[in-house]
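**Q** Just add 34 to wherever you are in the sequence shown, counting from 1, and you've got the numbering used here.
No residue lacks a Cβ here, since even glycine has one placed at the ideal position from N, Cα and C.
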Amino acid sequence: MRLIFTLALTSLSILSTSAQIETCPPGTDLNAIPKFAGTPSLVSGNALQQGAVYRYNNVVTSPFNMYALVKIENVDKAKVINIDERDLNDTDKDNRFQPQIVPDNSTLSSDRRGLITFSMTFYNSVTNLPASIAGLRFTHYDMDGFTNGSTGWYREMGCVTLTSGIITSTNPVSQLVNAGDYTANGYLWKQYMGSTTEHNGVSSDPEVAMVAEYLATSAVIFRMGYDFKKGNGGNLSSPASRQYAAKFGCFTFANGGPMPVTYTSFDAVVNDKSVLLKWNTAQEMNHSYFEVERSFDMAHFSTMGIVLDGFALNGTAKSYQFKDNSAELKAQNLVYYRLKQIDVDGKATYSKVLAVRLQSKAGVAMQVSPNPFTENLSMRFSATENGTAQIRIINSYGQTLLSKQSSITKGFNNLQVEGLSQLAPGMYIAQLVMNGAVVDNQRVIKN
Numbered sequence: 035m036r037l038i039f040t041l042a043l044t045s046l047s048i049l050s051t052s053a054q055i056e057t058c059p060p061g062t063d064l065n066a067i068p069k070f071a072g073t074p075s076l077v078s079g080n081a082l083q084q085g086a087v088y089r090y091n092n093v094v095t096s097p098f099n100m101y102a103l104v105k106i107e108n109v110d111k112a113k114v115i116n117i118d119e120r121d122l123n124d125t126d127k128d129n130r131f132q133p134q135i136v137p138d139n140s141t142l143s144s145d146r147r148g149l150i151t152f153s154m155t156f157y158n159s160v161t162n163l164p165a166s167i168a169g170l171r172f173t174h175y176d177m178d179g180f181t182n183g184s185t186g187w188y189r190e191m192g193c194v195t196l197t198s199g200i201i202t203s204t205n206p207v208s209q210l211v212n213a214g215d216y217t218a219n220g221y222l223w224k225q226y227m228g229s230t231t232e233h234n235g236v237s238s239d240p241e242v243a244m245v246a247e248y249l250a251t252s253a254v255i256f257r258m259g260y261d262f263k264k265g266n267g268g269n270l271s272s273p274a275s276r277q278y279a280a281k282f283g284c285f286t287f288a289n290g291g292p293m294p295v296t297y298t299s300f301d302a303v304v305n306d307k308s309v310l311l312k313w314n315t316a317q318e319m320n321h322s323y324f325e326v327e328r329s330f331d332m333a334h335f336s337t338m339g340i341v342l343d344g345f346a347l348n349g350t351a352k353s354y355q356f357k358d359n360s361a362e363l364k365a366q367n368l369v370y371y372r373l374k375q376i377d378v379d380g381k382a383t384y385s386k387v388l389a390v391r392l393q394s395k396a397g398v399a400m401q402v403s404p405n406p407f408t409e410n411l412s413m414r415f416s417a418t419e420n421g422t423a424q425i426r427i428i429n430s431y432g433q434t435l436l437s438k439q440s441s442i443t444k445g446f447n448n449l450q451v452e453g454l455s456q457l458a459p460g461m462y463i464a465q466l467v468m469n470g471a472v473v474d475n476q477r478v479i480k481n
C-alpha cells in the first residue's frame, strides 16, 4: 500500500478538513496553479542529502512561465530515498511533489520522531527572479499511520511555517491531531500529527488532509516526517518507506461552513514595555467577542482581556486594538499572543500565535532613512544570529501594505524597501520582524 502525505497552501489559513477538497471554482486559471508533473533535475548538492537543490521546469505557465527550486533544507532522524516518485498512470497524482521518506534507523526500538525540511521557491523563467504567487494553496493528504500494540503507533506528521496573517483551525471530524506551535531553525511552525488508522491506497480522504493558505508568496517552507511511539508493541523493524505528497490546487468545504472570522492582519507595536495589539477582520459570521491570550513560554496561555467590538472600516471589515501594559512585561524578553474568537453559540477558534520581542531586552534597534521618504526606505540594524528578517509597512488601521522578507547574517544588516511611491502621503509604521518575532517599530512619514 502506498501512503501519501500532502500539504495544501490556501489564503492565510491552516485547516484540517472534513470535506471534499479537489474542486476549483468556475473561471479558475488552472495554468496559474503550480504543478510538479515534470522530472526534477539536481542543480546543486549531493542527491537526496541535506542541501540538495532540484529544479522543476514549467510549474506555472500563466500569466508567465515559472520554474521552482526545491531544496532539502534540513534532515533530522529521517532520510529521503526518492525526491519525487511519479504516478505516471494518474495525471492528478503526477502533479504532486511526492518524496519517499524513511527513518534513519532500520529498527525503531524507542520513541523517535524524524523530519525533513523542504523549501520551494518559484522563479520567473525569464528574469530568474523570485516570483510571488497570490492565493497559493498547498494541500497535505493521507496523513495516516498504524498502531503498534494497543498503546503505540507509527504515524505521518507535517508542519508548515506560520507567517503573518495565518490562522489555524481543526475540524471536529478530522482524524488529525493539532500538535500546536513550536519554534525551530528560526521559524515558527504549526504541527499536525496523522491518524493511526490506515487509509487505503493513495488516499485523498478529507479526514486526513490538512490545508494552509497564503495571500501571496514566492516561497513555502514545510516539513514531512514520522512520529513513532513504541508503547507495548515492541520494536518496529525495517519500517516501510512512505510516500508523501505536496500538491497545489483548490480548496473548498463541501460539507462544512466558512470560518466565523476572516483575519486580514494581526500585528503588534512595542512601546517601551507595553505592547499594542492590532488586528483587522474582513468578515464576521456569528461572532460574539475576542479574548486576548498571552504566554511567556508558548505552552501556557492566560486570558489578558476581552474585546467586545471594533471600529468599522469599509463594508464588513473591522479594526480592533488591545494594549498590554502589565507589570509582568518588564522582566520579559519575548512574549506570545493569540486571539481566542468566541461565537454566539460559545464555540471558539484561535488565531495564529504572534511572537513579540520586547525591545529593551532584544539588543536590536532599527535605523530608518530617509524619513520623511518618497519612494524608497533603508533599514539598518544588527542581528544577534543568522536567520530571516521581514520588513512590514503598516498603516494607521494596522493593515500591512507591503512586506519584504530577506535572509540576514549575524552582525550588521542593511535592507532596502523600494516601490513605495504608490503609498498615500501620511504616517506609517516600519516594522522589523526577526526569526518570527517583532523586534522594532519606527514611525515613518511619506511625503
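1. Could you say which of Ile427, Val369, Ala218 lies nearest to Leu466 if we only look at CA atoms?
2. Within the same chain, show all residues whose beta-carbon is closer than 6 Å to that of Leu457, passing over the 5 residues directly before and after it, in chain order.
3. So, using beta-carbon positions, are Ala168 and Met100 closer together than 8 Å?
4. What do you get for His233, buried or exposed, if any count of 16 or more other CB atoms within 10 angstroms of its CB means buried?
5. Buried or exposed: where does Tyr370 fall if 16 or more other Cβ atoms within 10 Å of its Cβ makes it buried?
6. Give the single residue among Gly259, Ala81, Thr217, Ser184 whose Cα lies nearest to the Cα of Met468.
7. Check whether the stretch 154 to 164 touches the stretch 103 to 119, taking contact to mean three or more Cβ pairs, one atom from each stretch, closer than 8 Å.
8. Alpha carbon to alpha carbon, how far is Leu347 from Ala389?
9. Can you say whether Gly179 is buried or exposed, counting buried as having 16 or more other CB atoms within 10 angstroms of its CB?
10. Quick one, which of Phe407, Lys264, Leu196, Pro74 has its alpha-carbon nearest Ser184's?
11. Take the Cβ of Thr408 as the centre, count every other Cβ of all protein chains shown within 10 Å, and call the residue buried at 16 or more, exposed below.
12. Tell me the DSSP bridge mates of Ile492?
13. For Thr434, which residues in the same chain have their Cβ closer than 6 Å to its Cβ, ignoring the five residues on either side in sequence?
14. From Leu210 to Glu452, what distance separates their C-alpha atoms?
15. Report all residues from its chain with a CB closer than 7 Å to the CB of Lys364; omit the five preceding and five following residues, and keep chain order.
16. According to DSSP, Asp358 sits in a beta bridge with which residue or residues?
17. Using a 10 Å radius around the Cβ and a threshold of 16 neighbouring Cβ atoms, would you call Phe345 buried or exposed?
18. For Ser229 versus Met191, is the C-beta spacing smaller than 8 Å?
19. Compare the beta carbon distance of Asn447 and Ala471 with 8 Å and say whether it is the shorter of the two.
20. Under the rule that 16 or more other beta-carbon atoms within 10 Å means buried, what is Ala279, buried or exposed?
21. Is the beta carbon of Gln476 less than 8 Å from the beta carbon of Ala464?
22. Check this for me: beta carbons of Arg414 and Gln424, under 8 Å apart or not?
23. Identify whether Val160 lies in helix, strand or coil by the three-state DSSP scheme.
24. In terms of residue numbering, what span does the beta strand (DSSP E) encompassing Thr9 cover?
25. Specify the secondary structure class of Ala365 as computed by DSSP and reduced to three states.
26. Which same chain residues end up closer than 7 Å to Met227 when comparing Cβ atoms and leaving out the 5 residues on each side of it in sequence?
**A** Working from what's here:
1. Ile427
2. Lys480
3. no
4. buried
5. buried
6. Between Met468 and the set Gly259, Ala81, Thr217, Ser184, the nearest pair of CA atoms involves Thr217.
7. Flag = yes, the stretch 154 to 164 and the stretch 103 to 119 touch.
8. 26 Å
9. buried
10. Lys264
11. exposed
12. Limits of the chain in this structure are 35 at one end and 481 at the other, which puts residue 492 out of reach.
13. Ser299, Arg426, Ile428
14. 42 Å
15. Lys307
16. Val309
17. exposed
18. no
19. no
20. buried
21. yes
22. no
23. coil
24. This structure leaves residue 9 out entirely; the chain is present only between 35 and 481.
25. Taken through DSSP and simplified to helix, strand or coil, Ala365 comes out as helix.
26. Arg189, Met191, Leu210, Val211, Ala213, Asp261
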